[in-house]
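Participant: After the structure tokens below, expect a handful of questions from me.
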């Protein structure tokens with residue numbers, strides 16, 4: 001995955017309950033409204049599956065880890081080239097049910113994109129447009145909370161891509177493992193640092209660095225399916241070490 005590099009966090013240690021709760025939508029209510037107004041039948045079916053209530057304990061939440069590889073970081077000018085999804089729960093990662101797609105962007109691949117993702121021009125030429133696999137993608141995500149490592153990529157790119165193709169975007173709740181790491185390891189500067197301008201090098205919250213803190217193995221980067229699996233394992237480790245299986249979904253989603 002190509003990552004955005006800066007996110008704010010709270011003090012290290014166990015994350016604060018209710019952080020940012022006021023800004024979070026009521027996802028079950030929002031999905032009900034979207035199911036009634038979405039024009040595309042695939043989106044209507046997706047929203048009709050509903051969303052878990054915020055009070056649900058994490059151990060009871062069906063999830064799907066999602067990773068999207070793109071040609072850059074700007075949804076307005078860059079495009080999706082591959083998507084990986086791994087259905088999961090806290091107690092089990094369903095690797096056998098995972099899905100992976102290479103999709104064709106409108107613009108020709110840049111050499112640097114080929115180098116990063118190892119997706120060739122031949123694969124892209126033979127690949128379908130995102131619209132052709134959208135039904136399959138939404139089916140595997142439906143009824144699950146999506147787990148990502150940087151919501152601005154996965155949610156932002158999907159929303160933009162669907163607006164371009166369908167004339168309407170997509171909304172869904174996510175648990176962002178990158179944001180959880182930011183809460184833990186990127187505290188706001190203390191008063192002395194603010195007064196005297198003291199700066200310390202921020203702790204990396206990239207996927208590989210975050211996994212290393214939990215002694216998880218290193219995987220090949222920038223492959224959508226592998227990164228989705230890596231994100232699923234990271235969330236399991238975060239909950240085991242920093243949260244609880246009884247933590248309410250509303251404390252970690254957005």
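In UniProt numbering, the protein residues as written are 1 to 254.
Note that CB positions come from ideal geometry on N, CA and C, so glycine has one too.
1) Could you name each continuous beta strand (DSSP E) segment of 3 residues or more that falls completely within the segment 108-168, going from the start of the chain to the end?
2) Cβ of residue 48 within 8 Å of Cβ of residue 28?
3) Out of curiosity, what's the CA-to-CA distance linking residue 207 and residue 85?
4) Can you give the beta carbon distance from residue 41 to residue 64, rounded, assuming they're within the 8 Å contact cut?
5) Under the rule that 16 or more other beta-carbon atoms within 10 Å means buried, what is residue 115, buried or exposed?
6) In chain order, what residues of the same chain have a beta carbon less than 6 Å from the beta carbon of residue 99, not counting five sequence neighbours either side?
7) Taking the CB atoms as reference points, tell me whether residue 234 and residue 210 lie closer together than 8 Å.
8) Could you tell me which residues DSSP pairs with residue 98 in its beta bridges?
9) On the three-pair Cβ rule with 8 Å, is the segment 229-248 touching the segment 60-80?
10) Taking the C-alpha atoms as reference points, what is the distance between residue 168 and residue 37?
11) Mind checking residue 246: buried by the 16 CB within 10 Å criterion, or exposed?
12) State the DSSP-derived secondary structure class of residue 67, mapped to helix, strand or coil.
13) Between the C-alpha atoms of residue 249 and residue 238, what's the straight-line distance to the nearest angstrom?
14) Assuming residue 82 is part of the alpha helix (DSSP H), what are its boundary residues?
15) To the nearest whole angstrom, what separates the beta carbons of residue 262 and residue 104, a pair I think is in contact under 8 Å?
Facilitator: This is what the structure holds:
1) 145-148
2) no
3) 16 Å
4) The pair is not a contact, with the Cβ atoms about 21 Å apart (cut-off 8 Å).
5) exposed
6) 85, 140
7) yes
8) Note: residue 98 sits in no beta bridge, so no partner.
9) yes
10) 10 Å
11) exposed
12) strand
13) 14 Å
14) Note, residue 82: premise wrong, no alpha helix (DSSP H); beta strand (DSSP E) at 80-89.
15) A question about residue 262 goes unanswered here, because the residues of the chain that appear run from 1 up to 254.
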